[in-house]
Amino acid sequence: MEYYLQLIINGLVVGSIYSLVALGFVIIYKATKVVNFAQGELVMVGAYVCFALTVQAGLPFLASFVLTLLFSLILGLSIERLILRPLIGEPIISVIMVTIGLSSVLKALVQLIWGTQIKVYPQVLPHEPIFLLGLPISPVYIAAFILAVILFTIFSLFFKYSSIGIAMRATAFDQQAAQSMGIGIKNIFALSWCIACVVSSIGGVILGNINGINSQLGAMGLKVFPAVILGGLDSLLGAALGGLIIGVLENLCDGLAKELFNLGGFKEVAAFIILVFILMLKPYGLFGSHEVERI
Amino acid sequence: MAYILELANVEVVYDKIILVLKGLSLKVREGQITALLGANGAGKSTTLKAISGLLLSENGEVTEGKILYQNTPIHNEPPEKIVRKGIFQVMEGRRVFEELSVEENLRCGAYTNPKKFKENLEKVYHYFPRLKERRKQWAGYLSGGEQQMLAIGRALMAEPKLLLLDEPSLGLAPLLVEEIFNIITQINREEKASVLLVEQNARAALTISSFGYILENGRIVMEGEAQELLNNPDVQEFYLGMGHAGEKKSYREVKHYRRRKRWL
Chain H
4 MEYYLQLIIN GLVVGSIYSL VALGFVIIYK ATKVVNFAQG ELVMVGAYVC FALTVQAGLP
64 FLASFVLTLL FSLILGLSIE RLILRPLIGE PIISVIMVTI GLSSVLKALV QLIWGTQIKV
124 YPQVLPHEPI FLLGLPISPV YIAAFILAVI LFTIFSLFFK YSSIGIAMRA TAFDQQAAQS
184 MGIGIKNIFA LSWCIACVVS SIGGVILGNI NGINSQLGAM GLKVFPAVIL GGLDSLLGAA
244 LGGLIIGVLE NLCDGLAKEL FNLGGFKEVA AFIILVFILM LKPYGLFGSH EVERI
Chain G
14 MAYILELANV EVVYDKIILV LKGLSLKVRE GQITALLGAN GAGKSTTLKA ISGLLLSENG
74 EVTEGKILYQ NTPIHNEPPE KIVRKGIFQV MEGRRVFEEL SVEENLRCGA YTNPKKFKEN
134 LEKVYHYFPR LKERRKQWAG YLSGGEQQML AIGRALMAEP KLLLLDEPSL GLAPLLVEEI
194 FNIITQINRE EKASVLLVEQ NARAALTISS FGYILENGRI VMEGEAQELL NNPDVQEFYL
254 GMGHAGEKKS YREVKHYRRR KRWL
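Note that the protein sequences, when read in sequence, are chains H and G.
The working numbering applies: residue 4 is where the first sequence begins, and numbers increase by one.
The working numbering applies: residue 14 is where the second sequence begins, and numbers increase by one.
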């Protein structure tokens, strides 16, 4: 029993990171209808920048965390400005291809600068586990989960109550009508990329603290697909829940496969098997929008 | 007579090849309602989009002539700048944000004018009490008439000096059309907003306007005081559905090969 509880907790932690990355993914999709294949690489870049600042430049972790956020803000802005803005008006499929290209470029850059070895973050939080319901849980897990919850709360409030958040939703629904209201949609696009980069790099830093980082971290971006498709491509709540559910299911499946059939490495495929089932049963996901029908 | 907006010999080209407006000139009187009438595809919506800048997102461009708003040229400026100058277009087909609540839609309208949000919100609810009842609902679940009210309400939130209305009567029942047109006159009078009104419903539009233009094939073919246009026999035959003598035309007498009027 304890084994399975442990699996669920691990799943929730990994899932909360999936949720964060999925959040970035959904925001870009909602605002621009672009499926961003470079999302995982944004996670990786964030993780490496924070690593470089803490370990190589010797800054205190908190300072380098803040600087990383700043860096990803600028990264998001420049990606939008240099790569995507010239493509406004082009078919959406070309833009999606460009994000695939972007993912390769980012990956290559990271390998060029930091090599392909696993890098380990310095110890930030204490090592001794905290006991919760009699289960030992590492503090970094708890911090990761809490951080994800806080970020999600902030973003849902932002989209519900702030003018810019509402304008972003309006733009996602009807770009031209939004323009007719005086909403500068180019700024909205830029902002979505900024948010996507920032949440991804937060995810990256958390992952780095848990597992260490290597240049395969970008594969994380693929894992986010089942999460967003489960939640519905254009729903923030869906991204949150989808991430958590995929995280937990993936860990449970993996644990079961190990226990019952002595199979290792099932974790890597579990999420995609779930994905196939979602697509068969509920192609719009749990919260994805069909259009509003008036009767 | 003071004019808030002046179009002089405006040419609009879509995709660098399709000429839609061919030297169109018109003026909108300060503080009054000006009607722009014409058949489908005459270029009415294009004219409004050329003014509001929304043309740019459809790959259209003003290639010749100029658009002067309060005597300064505004053609080919991005829409967000034009809205901030005080021109607000209510697009054809209402275009409410269906997945946003009524109040959120109104907040979008107030995007360029957030300071007086509360005050303007009350004003909109005063004009459209039905929106207040449904303010927490998704706009997608409103009826057609309510959606049109919301679209106009959104415009009011920005306190525009010039309101561009594109077919506000589209798809509405006759009673609702009357209600909407009453409110347009009321807004024009009380909010001191000049209006450029594009309509297919020529009679309703001319009744509330002071001046009217008739657009065909990208050109103005006729203009005059609204009352004059209403009494003009050609306008009556082609836009108001009456026979030569001004009596209502009966379908029994309509010939299959209808006479086509050539204006020029």
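Where a beta carbon is used, it is the ideal one built from N, C-alpha and C, also for glycine.
Under the three-state DSSP convention, the category residue i falls into
{"i": "H/Glu83", "result": "helix"}
{"i": "G/Gln249", "result": "helix"}
{"i": "H/Gly211", "result": "helix"}
{"i": "G/Ser58", "result": "helix"}
{"i": "H/Asp237", "result": "coil"}
{"i": "G/Val234", "result": "strand"}
{"i": "H/Lys285", "result": "coil"}
{"i": "G/Glu180", "result": "coil"}
{"i": "G/Ala21", "result": "strand"}
{"i": "G/Glu212", "result": "strand"}
{"i": "G/Val41", "result": "strand"}
{"i": "H/Phe290", "result": "coil"}
{"i": "H/Ser204", "result": "helix"}
{"i": "H/Phe269", "result": "coil"}
{"i": "H/Gly137", "result": "coil"}
{"i": "G/Leu50", "result": "strand"}
{"i": "H/Leu26", "result": "helix"}
{"i": "G/Phe224", "result": "strand"}
{"i": "G/Met14", "result": "coil"}
{"i": "H/Ser19", "result": "helix"}
Bridge-paired residues (DSSP) for residue i
{"i": "G/Ile31", "result": "G/Tyr27"}
{"i": "H/Ala34", "result": "DSSP lists no partner for H/Ala34."}
{"i": "H/Tyr6", "result": "In DSSP, H/Tyr6 forms no bridge with anything."}
{"i": "H/Ile216", "result": "H/Lys122"}
{"i": "G/Leu175", "result": "G/Ile100 and G/Ser207"}
{"i": "G/Glu286", "result": "Outside the shown range of chain G, which is 14 to 277, sits residue 286 of chain G, and nothing can be said about it."}
{"i": "G/Trp151", "result": "G/Ser114"}
Amino acids of chain G, ordered along the chain, whose beta-carbon sits closer than 8 Å to that of residue i
{"i": "H/Met171", "result": "Going along chain G, no residue has its Cβ under 8 Å from H/Met171, so there is no contact; the nearest lies around 10 Å."}
{"i": "H/Asp177", "result": "Arg108 and Phe110"}
{"i": "H/Gly187", "result": "Pro91 and Glu93"}
{"i": "H/Ala41", "result": "What H/Ala41 touches in chain G: nothing, since even the nearest Cβ is about 26 Å away."}
Test: residue i CB closer than 8 Å to a CB of chain H
{"i": "G/Met162", "result": "no"}
{"i": "G/Lys174", "result": "no"}
{"i": "G/Val25", "result": "no"}
{"i": "G/Ser70", "result": "yes"}
{"i": "G/Val137", "result": "no"}
{"i": "G/Leu178", "result": "no"}
{"i": "G/Ala171", "result": "yes"}
{"i": "G/Leu185", "result": "no"}
Interface flag, residue i vs chain G, CB-CB below 8 Å
{"i": "H/Ser183", "result": "yes"}
{"i": "H/Ala243", "result": "no"}
{"i": "H/Ser204", "result": "no"}
{"i": "H/Val95", "result": "Reading the sequence as shown, one finds Ile at residue 95 of chain H and not Val. Output row for H/Ile95: interface = no."}
{"i": "H/Ala34", "result": "no"}
{"i": "H/Ala180", "result": "yes"}
{"i": "H/Gly291", "result": "no"}
{"i": "H/Leu8", "result": "no"}
{"i": "H/Tyr287", "result": "no"}
Under 8 Å by beta carbon: chain H residues contacting residue i
{"i": "G/Val208", "result": "Correct list: empty, because the minimum Cβ distance to chain H is about 16 Å."}
{"i": "G/Met104", "result": "Gln179, Ala180 and Ser183"}
{"i": "G/Val96", "result": "Ser183, Met184 and Gly185"}
{"i": "G/Arg167", "result": "Met184"}
Where residue i meets chain G, residues with beta-carbon distance less than 7 Å
{"i": "H/Ser166", "result": "Arg120, Tyr124 and Pro127"}
Residues that residue i contacts on chain A, provided the C-beta gap is smaller than 7 Å
{"i": "G/Ser65", "result": "In summary, chain A is missing from the structure at hand, where the protein chains are H and G."}
Chain-ordered neighbours of residue i on chain H, where CB pairs are closer than 9 Å
{"i": "G/Glu117", "result": "Lys163, Ile169, Arg172 and Ala173"}
{"i": "G/Leu113", "result": "Ile169, Arg172, Ala173 and Phe176"}
(request) Could you name each continuous alpha helix (DSSP H) segment of 4 residues or more that falls completely within the region 50 to 124 of chain H, going from the start of the chain to the end? (result) 64 to 81 and 95 to 117
(request) Please specify which runs of the beta strand (DSSP E), each continuous and at least 3 residues long, are wholly inside the region 63 to 149 of chain G, giving them in chain order. (result) 73 to 82 and 100 to 103
(message) My parser needs the alpha helix (DSSP H) runs of 4 or more residues fully inside the region 147 to 187 of chain H; what are they?
(response) 166 to 176 and 178 to 183
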